[in-house]
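K.L.:
Chains as they are written, first to last, in this note's numbering: chain A, -17 to 162; chain B, 458 to 866; chain C, 155 to 414.
Here a beta-carbon is modelled for each residue, glycine too, at the ideal position from N, C-alpha and C.
Structure in structure tokens, see below.
So this is what it looks like as structure tokens:
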């Protein structure tokens, strides 16, 4: 009808009054998060347990993918040692946008109980993290809760990735650190 | 744009062009084979491996150095993270080493509880072994079935000590907690369930399975002398025909009183080791069933009485003054064992886990070395992988049952 | 004057030690067991000192003879497995490393520890031709202590990264790592310029920053990283009240160093 005004700005030009492209895209992204299998130490066992029969991960649409190119979220589970840090950053760089990071367990959050020469004191020194998950080792239900929080966070984002600011220290100077 | 030449090759392609046309690939520190951070640089001639170089150290956390900076009791939870699949066995190996050094023996009830926990951890570890091994080889449903059983066992551990994975269920001198009500009935039910499942699910699915047999027979063959020479212990050694189990030969805890057999396989290959692991699960449940009635006959003492080294019980600390004072000193300064060194081997689910502790009479250990079975099994991979196909590489890594918390410490 | 901190052993020390405390020794006994006695006779002159400690025979030898001793033990006495092999750093006390080999006789179920001492800078002979488990164990010893091993097929760092400087398990190496260690991952991945951007490691487990948005769980009130949550409160230095510090003259005292 002529009197019925369609507000093109809010629905991105589609004649659907309620659903916007943002919501649709975020629904798709959040409900099918494919994690990269990045189990490093003990938390990896809890991650496997959360993907196994009792605490099934698959009901949230997460399927563990081994290749970083096919993964959305990188769940860093376990202690990141300094020898390994280069590869962790390389794998993070190889993941395609949009990507998120969950840091699982105290070792990934802050270095944990291993306050030594060979442990990176917190994965966020190297990789920008979205959700920090405390515990040693966190229960599988905790990991699923973290994933659900990440889903909530994704649904609040805008579909245009440039608008989302993320904690990435390397971006602050405008240069993006790249490993070839 | 980085250009590779002979002086500065790419990191992965260590030799980009070789004269004999072998390909060098990197089986990197992140791979879905679920075993942790092993980096294998494999030189392949077609599909066959010509040379294998295991690169470890990606999970090095400086645990041995931490031991030189912490008191003995403080260090106990760190030992959990060595073999994180069966945590109590590491805690126990460390506690036993310190107890031998001090010269105390745990009381009877603590011994019963500890032995039950050790065998429960053995079942947990072997279930994890079969789950990940089958997953790597391709039988993915066994992974889900084994994790289901494992969840029951982890519930039992959680009832006892509060943690599913990193237990710290054993203290130097005994155990901290008594068994909760109903735990013994639950573990008896668990033993029955595991026995039933081992026979009717895992063995029914895998033992006579043509594909499983083809993937596992004659893969990863290691002779008895080579196994001894490379430092293999535990199921790797028994899978090659050497009948040596520390629980029988150098018994500790209550193993000398229990009635159990040692499965040995003469086949020397992965299939023999698989059968060995299944049989060991059965022997473990047999042992747990023998231990359950032993619990009722014991005095309710959980920690050894050695006031110089070990704190009193909580009731005494809260009511008696000297107990409180001694507990304070032991917690803040730490216990001071006698000067000397000790090496105590125990049979962990992976092999011979031993702790070498050198003490100078200080509250902090002067040197602690953890003899990890997986470290030597990873060294063995150098020789074992040569001549196998790429698909067998995954099988062999699975059958050696390496866990990287131990390898890298 | 600042407090003197000895640099030859920077490991943690107990906060209090009784001056008159004398540590007892783990009891050692003479060799009585028949099997161990036969081992001692087989070794003959090579064994400088032997005793039995906690059920295991301990043999002290000269470092130059380690290959010969282990060969005798393997071939004549049946000790076919070398379970463990490592070193203990006694450089601060005696200027020596104490190496040990832990051997196992599978048939008799007996264990022997072979102990020798080497000075700093000396190398020992590899026992890899006898026991292949020494391949990795000697590499680890080299990596952690810097003890070179002669005739080893592949003596390279195994546990630390290849370009690591320093040998971690020496007593002079701090637990938190020296400067090379603390910036290793930043230098390796991003380069030295990013040291200021990423900042030093936080090695203080008790550090609490009330306005930290990173690691505190504010479920339901999450903000993007770096957003200001101080609600206008300025950061204030801790002020000690007068009753806590008696005779504290703020103008008369000088701050020597920052609180670390």
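(1) Hey, does residue 20 of chain A have any beta-carbon neighbour from chain C nearer than 8 Å?
(2) In whole angstroms, give me the CA-to-CA distance for residue 307 of chain C and residue 289 of chain C.
(3) Report the residues of the segment 91 to 114 of chain A with a CB closer than 7 Å to any CB of chain B, ordered along the chain.
(4) In the DSSP assignment, what are the bridge partners of residue 270 of chain C?
(5) For chain A, is any of its Cβ atoms less than 8 Å away from the one on residue 169 of chain C?
(6) At 7 Å on the CB atoms, spell out the chain A contacts of residue 338 of chain C, in chain order.
(7) Could you tell me the distance, in whole angstroms, from the CA atom of residue 755 of chain B to the CA atom of residue 553 of chain B?
(8) Whole-angstrom Cβ separation of residue 697 of chain B and residue 680 of chain B, contact assumed at under 8 Å?
(9) Who are residue 182 of chain C's beta bridge partners in DSSP?
(10) Can you list the residues of chain A that residue 542 of chain B reaches, using a CB-CB cut of under 8 Å?
(11) Using a Cβ-Cβ cut-off of 8 Å, state whether residue 706 of chain B counts as contacting chain C.
(12) Using a C-beta to C-beta distance shorter than 7 Å, which residues of chain B count as neighbours of residue 280 of chain C?
(13) Identify, in the order they occur along the chain, each residue of the same chain with its Cβ nearer than 7 Å to the Cβ of residue 196 of chain C, setting aside the five sequence neighbours on each side.
(14) Leaving out the 5 sequence neighbours to the left and right, which residues in its chain are closer than 8 Å to residue 685 of chain B when beta-carbon positions are compared?
(15) Could you check which residue in B:725, B:765, B:590 and B:703 has the C-alpha nearest to that of residue 262 of chain C?
(16) May I have a chain-ordered list of the beta strand (DSSP E) segments no shorter than 3 residues that lie completely inside the segment 466 to 550 of chain B?
(17) Short check: CB of residue 90 of chain A to CB of residue 132 of chain A, under 8 Å?
(18) Are the Cβ atoms of residue 298 of chain C and residue 239 of chain C separated by less than 8 Å?
(19) In the structure shown, what three-state DSSP assignment does residue 72 of chain A receive?
(20) Quick one, which residues of the segment 349 to 362 of chain C are near chain A if we go by CB-CB under 7 Å, in chain order?
(21) If residue 784 of chain B and residue 48 of chain A are in contact, beta carbons under 8 Å, what's the gap, nearest whole angstrom?
(22) Extract the residue ranges of the alpha helix (DSSP H) inside the segment 539 to 618 of chain B, only unbroken runs of 4 or more that lie entirely within it.
(23) So which of A:41, A:38 and A:11 has the shortest CA-CA distance to residue 79 of chain A?
(24) State the Cα-Cα distance for the pair residue 831 of chain B and residue 575 of chain B, rounded to the nearest angstrom.
(25) Please confirm whether residue 802 of chain B has its beta-carbon closer than 8 Å to some beta-carbon of chain C.
(26) Quick check on residue 334 of chain C: buried or exposed, where buried means 16 or more other Cβ atoms within 10 Å of its Cβ?
(27) Against residue 650 of chain B, what residues of chain A qualify as contacts under a CB-to-CB distance less than 8 Å, listed in chain order?
(28) I need the boundaries of the beta strand (DSSP E) containing residue 244 of chain C, first residue and last residue.
(29) Is residue 862 of chain B close to chain A, meaning its C-beta is less than 8 Å from at least one C-beta of that chain?
(30) Would the C-beta of residue 328 of chain C count as close to the ligand SAM, meaning under 7 Å from any of its heavy atoms?
(31) Tell me the rounded alpha-carbon separation between residue 519 of chain B and residue 814 of chain B.
(32) Rounded to whole angstroms, what is the Cα-Cα separation between residue 731 of chain B and residue 859 of chain B?
(33) Spatial neighbours of residue 96 of chain A within its chain, please: CB distance less than 7 Å, with the 5 preceding and 5 following residues excluded, ordered by chain position.
(34) Is DSSP giving residue 88 of chain A helix, strand or coil here?
(35) If I follow the unbroken beta strand (DSSP E) through residue 169 of chain C, where does it start and stop?
(36) State yes or no: is the beta carbon of residue 73 of chain A nearer than 8 Å to at least one beta carbon in chain B?
P.N.:
According to the structure data:
(1) no
(2) 8 Å
(3) 95, 96, 98, 99, 100 and 101
(4) C:253
(5) no
(6) 64
(7) 20 Å
(8) 6 Å
(9) C:207
(10) 27
(11) yes
(12) Within chain B, no residue comes near residue 280 of chain C; the closest Cβ sits about 14 Å away, beyond 7 Å.
(13) 226, 230 and 231
(14) 694 and 699
(15) B:703
(16) 480 to 484, 496 to 502 and 505 to 512
(17) no
(18) no
(19) helix
(20) 351, 352, 355, 356, 357 and 359
(21) That pair is no contact at about 50 Å.
(22) 544 to 559, 565 to 594 and 597 to 618
(23) A:11
(24) 18 Å
(25) yes
(26) exposed
(27) What residue 650 of chain B touches in chain A: nothing, since even the nearest Cβ is about 14 Å away.
(28) 235 to 244
(29) yes
(30) This structure simply doesn't include the ligand SAM, nor any ligand for that matter.
(31) 16 Å
(32) 14 Å
(33) 61 and 89
(34) helix
(35) Taken as a continuous stretch (DSSP letters only), residue 169 of chain C belongs to no beta strand (DSSP E), as it is neither H nor E.
(36) yes
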